[in-house]
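Visitor:
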Amino acid sequence: QVKLVESGGGLVQPGRSLRLSCEASGFTFSSYAMHWVRQAPGRGLEWITSLSYDGSHKFYADSVKGRFTISRDNSKNTVSLQMNSLRVEDTAVYYCAKDPSRLVEYGFLDSWGQGTLVAVSS
Amino acid sequence: DIQMTQSPSSLSASVGDRVTITCRASQSISDYLNWYQQKPGRAPKLLIYTATSLQSGVPSRFSGSASGTDFTLTISSLQPEDFATYYCQQTDSAPFTFGGGTKVEIK
């Protein structure tokens, strides 16, 4: 069965960087697009970025564009989120999620990880 | 960016009730509308994709419909395990925005 496990969350000061990883198993990782979605405490879901199966297509929300970078290593079944210049408002649970399409042509999220908490505070 | 307006933001219902949740897009999104269920402390779960398609393993009491830029999630007979928060999401074009959520509570 599909399994997605996020790691790398923690407490970080404003302006610093953090790198999240999501390890996938149970499916042919290299064939599917992947996404990151976040949820601030007590708030709704916010889509933040997507990456096609081969890394050729990337999409970002305006709230993270220029600060966050999504990447993948298909040899390690891993998708990563490099987060730079972190702000207090980036505090959230970060979920990675699988897309059933290759080039994000569907865009919906059919499997999710359990999430990892990022807290940005001085 | 496409805005998704979800209503109501919360509702109270009893087991066995028929429940409808609505999502309105700020512009045409064809049928690129999906519904998710989230329970406290858990990751969201896909229920409906492309407006009307039921995700594998999801009970048939859940259904989706569309009319122009208005989309509806219907639970035909609410069960105890259905008390949760529901979100719509458009995937017509990036950014793939979510609605604000509807919390379904026990009456």
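Chains as they are written, first to last, in our numbering: chain S, 206 to 327; chain R, 13 to 119. A virtual CB, placed ideally from N, CA and C, is assigned to each residue, including glycine.
Please report the distance separating the alpha-carbon of residue 35 of chain R from that of residue 61 of chain R.
Guide: Sequence index remark: in the second sequence, residue 35 of chain R carries index 23 (1-based). Sequence index remark: in the second sequence, residue 61 of chain R carries index 49 (1-based). Approximately 14 angstroms between the Cα atoms of the pair.
Visitor: According to DSSP, which residues form a beta bridge with residue 86 of chain R?
Guide: Your numbering for residue 86 of chain R matches position 74 in the second sequence. Residue pairing by DSSP places residue 86 of chain R opposite R:32 and R:75 in a beta bridge.
Visitor: Using a Cβ cut-off of 8 angstroms (strictly closer), state whether residue 39 of chain R contacts chain S.
Guide: The residue labelled residue 39 of chain R in the question sits at position 27 within the second sequence. Answer no: the Cβ-Cβ gap between residue 39 of chain R and chain S never drops below 8 angstroms.
Visitor: Go ahead and pull the three-state DSSP assignment for residue 269 of chain S.
Guide: As a first step, residue 269 of chain S is located in the first sequence; it is residue number 64 there, counting from the start. Reduced to three states, the DSSP call for residue 269 of chain S is coil.
Visitor: Less than 8 angstroms between the beta carbons of residue 275 of chain S and residue 291 of chain S, yes or no?
Guide: Residue 275 of chain S sits at position 70 when you count from the first residue of the first sequence. Residue 291 of chain S sits at position 86 when you count from the first residue of the first sequence. Cβ atoms of residue 275 of chain S and residue 291 of chain S: not closer than 8 angstroms.
Visitor: Given residue 43 of chain R, which residues of its chain have a CB within under 8 angstroms of its CB, disregarding the five upstream and five downstream residues?
Guide: Against the second sequence, residue 43 of chain R aligns to sequence position 31. Cβ within range, chain order: 62, 63, 64 and 78.
Visitor: Just to confirm, are residue 14 of chain R and residue 104 of chain R a CB contact at a threshold of 8 angstroms?
Guide: As a first step, residue 14 of chain R must be located in the second sequence, where it is residue number 2. As a first step, residue 104 of chain R must be located in the second sequence, where it is residue number 92. Yes.
Visitor: Classify residue 294 of chain S: buried if its beta carbon has 16 or more other beta carbons within 10 angstroms, exposed otherwise.
Guide: In the first sequence, the residue the question calls residue 294 of chain S occupies position 89. Here residue 294 of chain S is exposed. Its C-beta has fewer than 16 other C-beta atoms within 10 Å.
Visitor: What does a CB cutoff of less than 6 angstroms around residue 283 of chain S pick up in its chain, not counting 5 residues either side in sequence?
Guide: On the first sequence, position 78 is the one that residue 283 of chain S refers to. Non-local beta-carbon contacts of residue 283 of chain S in its own chain, meaning distances under 6 angstroms to residues more than five positions away in sequence, involve 226 and 228 in chain order.
Visitor: If I follow the unbroken beta strand (DSSP E) through residue 46 of chain R, where does it start and stop?
Guide: Position 34 of the second sequence, counting from 1, holds the residue named residue 46 of chain R. Where residue 46 of chain R is concerned, the enclosing beta strand (DSSP E) stretches over 45–50.
Visitor: Any beta carbon of chain S sitting closer than 8 angstroms to that of residue 98 of chain R?
Guide: Within the second sequence, numbered from 1, the residue matching residue 98 of chain R stands at position 86. Closer than 8 angstroms: no.
Visitor: Looking only at its own chain, which residues have a Cβ that is under 6 angstroms from the Cβ of residue 117 of chain R, when we skip the five neighbours before and after it?
Guide: If you number the second sequence from 1, residue 117 of chain R lands on position 105. Here the set comprises 24.
Visitor: Residue 240 of chain S bridges to which residues according to DSSP?
Guide: As a position in the first sequence, residue 240 of chain S is number 35, starting the count at 1. BP columns for residue 240 of chain S point to S:255 and S:302.
Visitor: Report yes if the CB atom of residue 273 of chain S is closer than 8 angstroms to the CB atom of residue 296 of chain S, and no otherwise.
Guide: Position 68 of the first sequence, counting from 1, holds the residue named residue 273 of chain S. Position 91 of the first sequence, counting from 1, holds the residue named residue 296 of chain S. No, they are not a contact pair.
Visitor: If we count the other Cβ atoms within 10 Å of its Cβ and call it buried at 16 or more, is residue 303 of chain S buried or exposed?
Guide: The residue given as residue 303 of chain S occupies position 98 in the first sequence. Buried: at least 16 other Cβ atoms inside 10 Å.
Visitor: Distance, Cα to Cα, residue 73 of chain R vs residue 49 of chain R?
Guide: Taking the first residue of the second sequence as position 1, residue 73 of chain R is located at position 61. Taking the first residue of the second sequence as position 1, residue 49 of chain R is located at position 37. Those two C-alpha atoms are separated by around 14 angstroms.
Visitor: Who pairs with residue 228 of chain S in a beta bridge, going by DSSP?
Guide: Counted from its first residue, the first sequence places residue 228 of chain S at position 23. DSSP, once it has assigned bridges, lists S:210 and S:283 as partnering residue 228 of chain S.
Visitor: Pull up the distance between the alpha-carbon of residue 92 of chain R and that of residue 31 of chain R, whole angstroms please.
Guide: Residue mapping note: residue 92 of chain R aligns to position 80 of the second sequence, counting from 1. Residue mapping note: residue 31 of chain R aligns to position 19 of the second sequence, counting from 1. In a straight line, the C-alpha of residue 92 of chain R is about 13 angstroms away from that of residue 31 of chain R.
Visitor: Residue 321 of chain S: which of R:55, R:88, R:113 and R:95 sits nearest, CA to CA?
Guide: Numbered from 1 along the first sequence, position 116 holds the residue referred to as residue 321 of chain S. Nearest option by C-alpha distance: R:55.
Visitor: Check the Cβ-Cβ distances between residue 226 of chain S and every residue of chain R, and say whether any is below 8 angstroms.
Guide: On the first sequence, residue 226 of chain S is found 21 positions in, with the first residue counted as 1. By this cut-off, residue 226 of chain S is not an interface position.
Visitor: Would you decide whether residue 20 of chain R is buried or exposed? Buried here means 16 or more other CB atoms lie within 10 Å of its CB.
Guide: For the purposes of this step, residue 20 of chain R is identified with residue 8 of the second sequence, where counting begins at 1. Burial call: exposed.
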